Structures are given as structure tokens and as C-alpha cells.
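**Student:** Got a structure here, written out as C-alpha cells. Questions coming.
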DNA sequence: AGAATAGTGTCTCTCAGACATTATTTG
DNA sequence: CAAATAATGTCTGAGAGACACTATTCT
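Chains as they are written, first to last, in my numbering: chain A, 1184 to 1394; chain B, 1184 to 1394.
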């Protein structure tokens, strides 16, 4: 299809300074946009997505997942552009190189180019939704974390306070995390560190809606 | 991207003769494949998807939803083919033209070309999953239906028997359907007809898994 | 009247949600 | 010993799941 341009775009999320952030790159004029790459004939879509943020984030630390493909003929005034959009989560402590890209709080985004604002909004909606019924959230945390950190992560993304005792009862009862022998010290009583168990059934059964 | 071919494929489901069926079209050799179309520079992806089954099914009767984009360089030995795959549901009584395409029971599929078997399997998994937490199932039924027909649809797709009283209690309690003044006669006591209420909150809250 | 299908109510048990105090460490 | 954070248990109410009989129509 000589007249159709095929790109990938990436909506990358990370927790920084107690808030959810998105990685953006400078775009036309004073606007910002999602990191992107043109798909090469010999690479997979996922490899293209990894190229979009190469030099900024180590791809081995990123959890990548396909989000949606945008292909409306009106979305870019210059070309017929079809974009496969990926959704990425990186842990708080992920290594980061310097460059033109910057992290922005999702509640304080700069003006975004083209349809990137609606794509970002959709990705955020999906992140919140997936957080509730899958175990993706752990991709935003370092490999060992305290229960308070885990609860905090949920609270930031879902935007609501959770009850500490109920939270612990449910998260431990689900078997999705396990204790490590380590503790994290600091001010106050040290907290036990836990780790995520990828082998645990992440396909937990959700209560059905209708039948 | 002159070397990349952009297609759409459609996995279309319908209930026929008490079983879930998929629409297939003859492919290379003795195999069958998913209906497809090449994306034109001026049409939307969804329009291209509708073209894929034009002449067979009236597109106004089909519920179309984007499923996933497949773009592995190895998936077609002849070209670098990227396919945006749509998922379609049509009601049992949808008009159907004649042509080369045929309906096959999902549990008795013929040999499928390329990666179409895994795409179909994924679409089926998604259909079962979505059926449990959204209202898509109604797209497989005519606009008015009895509670027995509705329950039957769920049983066929989920592959398990459901309790009649619990089913009615929950489905009516959810407010997702409403009575019509009509009845359907036949053998035995006539049944009241219901209709789907698209305005009812289909975004019903699912019980959270973790937090 | 018999066959076929539609329609209806109760009990139990699990689990979500609300809620406050004690334990351990550091400065 | 004061400040800070971690860790822990109980009660109540809602709803999922199991279960069997009556009602209406047709032939």
C-alpha cells in the first residue's frame, strides 16, 4: 500500500514522585506527542514499538501490550497514517537515559498533537480498568515492594483511598504475591518486602455480570 | 511503506442451529480463511472491514469491534502482511446473500490458512470473556427474544448449563433488558418477549480482583 | 389429559466493606 | 519517650449458588 504510512506509537506510563506520568516527545510547534517509529518491513510491531523509546528506556524493563490501531483517514492532515498503539508500563526505578523526551503528570499534560490526547485518555482508561481485574499493576513497581507501596500505587492510579486492612486481606488472600526474607527500613517500623508471583493464576475469575 | 501490505480480516460469529458459527471464505488449496480486504487509502479501517463481508451480510446488522493487529514478519510467507482484525457479531436472523463464503461450527472448523486458526481461537476466547462482563451477547440475538432464548445463547457460548431461576433473577435485576408487550407462541406455554436496553449502564461494575 | 415449555421463591454461605488498636523501629 | 510507619481481627449486610414445583398453552 504505497500511500499508507504505518507507524507504531507508545503510551508509556510510570510512577514518579507520587503521581502517574506519561512519556512524551516534542512535536510540531509547541506541542508534544507520543513516541513513535515507522514500522520497517522486517521487524515485528513490538520491535518497532521498542524502537520508539530506544535510548530513553531499556526495553527489557518495559511491559509492552498492544492497545488499539488508529486508522481514521482524517487523523493526520498530511498523510494517511495508520498507527498501531502500544501501552507500556515501566517500574519506578527503571533506568532512564537523557534525551528530548520528558515525563509529564497525566493530570497536567501539555498540548498534544493530532489525536494524541484522545489516545492517551483511552490508554489511561484502559490502565485503570486493567488494574482492577488483572495483575498488570506490578509492572509499575520494583521487583520487591512493601504492602504500603503496593496499596499506594493502586490509590494513585485509581484515584481513591483504600482501606488498609481490607486491602491486605484481599491481596494476600489472592496468592498473587509472596513474602521475601527482606525488610525495608526507614522512618518508623520496618516493612516486610513482598514480590509478585507471575505463576499465580492471574486469570482469576471475575464475578460475572449477567448470566 | 511500499513493502508493507495492510489488510483487515474479520472473525464473524453467529448462532445457527444451536451452535456458534464462524464465517469463512475459500483460501489457497483446500483451506479456508477469514474474510478480508485490503485497506484503501481513503477509507477507514472499519469501512474496510465492512467491505470484507459485503455481499454476504448486511453491514448494518453487524456489530463490529476491533480485536487485535497481527504484524509478525513471518505470518505470511509471500509478503509482509499487517492485518487489523475485527470481530463481528450478527443476529441469528440476519439476512444473508449467497456466495463463496460459508458458515462453520466453531467446534468443527476446516483446515485454516496461515495463522487464521490462532486468530479465530483468540477471537473466541475474547467473545466468551466479553460475554461475561459486557452486554455484547445481545448482538447475537434478534431484537426481541424470550428469556429462554437468551439463556440458551449464554449456555451455547459459555459451554455450560445455567440455572433458570438464578439466571432470570440476575438478568432482570440488572435492568439490562425490558419487557415488550409481545409474546411468542409455539409448543407449550407462550413466552414473554424482551428487548435489550442499550441505554442501561452496560458499564456495570465488576468486582475487583485485587485492591 | 398429557406433553411441552414458561415462570416463580427460599435458604445458606461466602465475601465485600466498614471500622480502631497494638507493635516495632528511629531520633 | 515521642514520632512514624507496620501490622492485625470482627461484625454486618448483600448477593451468588443450590434447589423443585406450579402455570399456561397446544394437540
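We put the beta carbon where it would ideally sit given N, CA and C, even for glycine. For clarity, every value in this text was computed on a predicted model and none was experimentally measured.
1. Taking CB distances under 9 Å as the criterion, tell me whether residue 1407 of chain B reaches chain A.
2. Between which two residues does the beta strand (DSSP E) carrying residue 1269 of chain A extend?
3. Quick one: give me the first and last residue of the beta strand (DSSP E) that residue 1196 of chain A is part of.
4. Output the distance between the C-alpha atoms of residue 1296 of chain B and residue 1303 of chain B, rounded to the nearest integer angstrom.
5. Just the Cα atoms here: how many angstroms apart are residue 1184 of chain A and residue 1236 of chain B?
6. Beta carbons nearer than 8 Å to chain A: which residues of the region 1251 to 1267 of chain B have them?
7. Which full runs of the beta strand (DSSP E) of 3+ residues lie inside the region 1276 to 1360 of chain B, going along the chain?
8. For the region 1265 to 1280 of chain A against the region 1188 to 1204 of chain A, are there 3 or more C-beta pairs whose distance is under 8 Å?
9. What does residue 1249 of chain B touch in chain A if you count any residue whose Cβ is under 8 Å from its own?
10. Using 10 angstroms around the beta-carbon of residue 1239 of chain A, count the other beta-carbons present and answer buried if the total reaches 16, otherwise exposed.
11. Does the separation of the CB atoms of residue 1383 of chain B and residue 1356 of chain B fall below 9 Å?
12. Would you mind giving the Cβ-Cβ distance between residue 1339 of chain A and residue 1202 of chain A, rounded to the nearest angstrom? I have them listed as a contact below 8 Å.
13. Looking at residue 1256 of chain B and residue 1225 of chain A, is the spacing between their C-beta atoms short of 9 Å?
14. Considering only the alpha carbon of each residue, which of A:1259, A:1311, A:1354 lies closest to residue 1332 of chain A?
15. Can you look up residue 1244 of chain A in the DSSP assignment and give me helix, strand or coil?
16. Beta carbons nearer than 7 Å to chain A: which residues of the region 1290 to 1314 of chain B have them?
17. Run the CB neighbour count on residue 1281 of chain A, radius 10 Å, all protein chains shown included, and call it buried at 16 or more, exposed below.
18. Beta strand (DSSP E) containing residue 1202 of chain B: first to last residue?
19. Within the 9 Å Cβ cut-off, does residue 1184 of chain A reach chain B?
20. Restricting to Cα atoms, I'd like to know which of A:1289, A:1368, A:1360 is closest to residue 1200 of chain A.
21. Looking only at its own chain, which residues have a Cβ that is under 7 Å from the Cβ of residue 1373 of chain A, when we skip the five neighbours before and after it?
22. Which residues, in chain order, does the region 1199 to 1233 of chain B contribute to contact with chain A at a C-beta distance below 8 Å?
23. Where does residue 1217 of chain A sit, in a helix, a strand or coil, going by DSSP?
24. Got a sec? Which residues, its chain only, sit under 8 Å from residue 1218 of chain A by beta carbon, not counting five neighbours each side?
25. What three-state label does DSSP hand residue 1234 of chain A in the structure shown?
26. At a CB-CB cut-off below 8 Å, which residues of chain B make contact with residue 1339 of chain A?
27. Per DSSP, which one or two residues make a beta bridge with residue 1239 of chain A?
28. Quick one: residues in its chain with C-beta nearer than 6 Å to the C-beta of residue 1220 of chain B, no 5 flanking neighbours on either side, listed in chain order?
29. Let me see if you follow: with CB-CB separation under 9 Å, is residue 1330 of chain A close to chain B or not?
30. In angstroms with no decimal places, state the Cα-to-Cα distance between residue 1242 of chain A and residue 1328 of chain A.
31. Mind reading off the beta-carbon distance from residue 1323 of chain A to residue 1381 of chain A? Whole number of angstroms is fine, and I expect it under 8 Å.
32. Look up residue 1362 of chain B in the DSSP assignment and say whether it is helix, strand or coil.
33. For residue 1323 of chain A, return the contacting residues in chain B, with the cut-off set at a CB-CB distance below 7 Å.
34. Which residue from B:1360, B:1229, B:1321, B:1351 puts its Cα closest to that of residue 1250 of chain B?
35. Roughly how many angstroms lie between the CA atoms of residue 1362 of chain A and residue 1350 of chain A, to the nearest whole one?
36. For the candidate residues B:1310, B:1316, B:1336, B:1364, whose alpha-carbon lies nearest to that of residue 1248 of chain B?
**Tutor:** The structure says:
1. Nothing can be reported for residue 1407 of chain B, as the shown portion of chain B is limited to 1184 through 1394.
2. 1263 to 1272
3. 1187 to 1199
4. 11 Å
5. Summary for residue 1184 of chain A: the model assigns pLDDT 42, below 50, so the residue's position carries little reliability; its value from the coordinates is reported in the next sentence. If you take the alpha carbons of residue 1184 of chain A and residue 1236 of chain B, they lie about 21 Å apart.
6. 1251, 1252, 1254, 1255, 1256, 1263, 1265, 1267
7. 1285 to 1288, 1327 to 1329
8. yes
9. 1251, 1252
10. buried
11. no
12. 7 Å
13. yes
14. A:1354
15. helix
16. none
17. exposed
18. 1202 to 1209
19. Residue confidence for residue 1184 of chain A is low, a pLDDT of 42 falling below 50, so the modelled location carries little weight; the figure read from the coordinates is stated next. Judged by the 9 Å Cβ criterion, residue 1184 of chain A is in contact with chain B.
20. A:1289
21. 1366, 1367
22. 1221, 1222, 1224, 1225, 1226, 1227, 1228
23. coil
24. 1192, 1193, 1195, 1206, 1207, 1208, 1235, 1236, 1239, 1284
25. helix
26. Simply none; closest approach about 11 Å.
27. According to DSSP, which records beta bridges pairwise, residue 1239 of chain A is partnered with nothing at all.
28. 1191, 1231, 1234, 1235
29. no
30. 21 Å
31. Contact doesn't hold; Cβ gap of about 15 Å is too wide.
32. strand
33. Those do not exist, as residue 1323 of chain A stays about 13 Å from chain B at its closest Cβ, beyond 7 Å.
34. B:1229
35. 16 Å
36. B:1310
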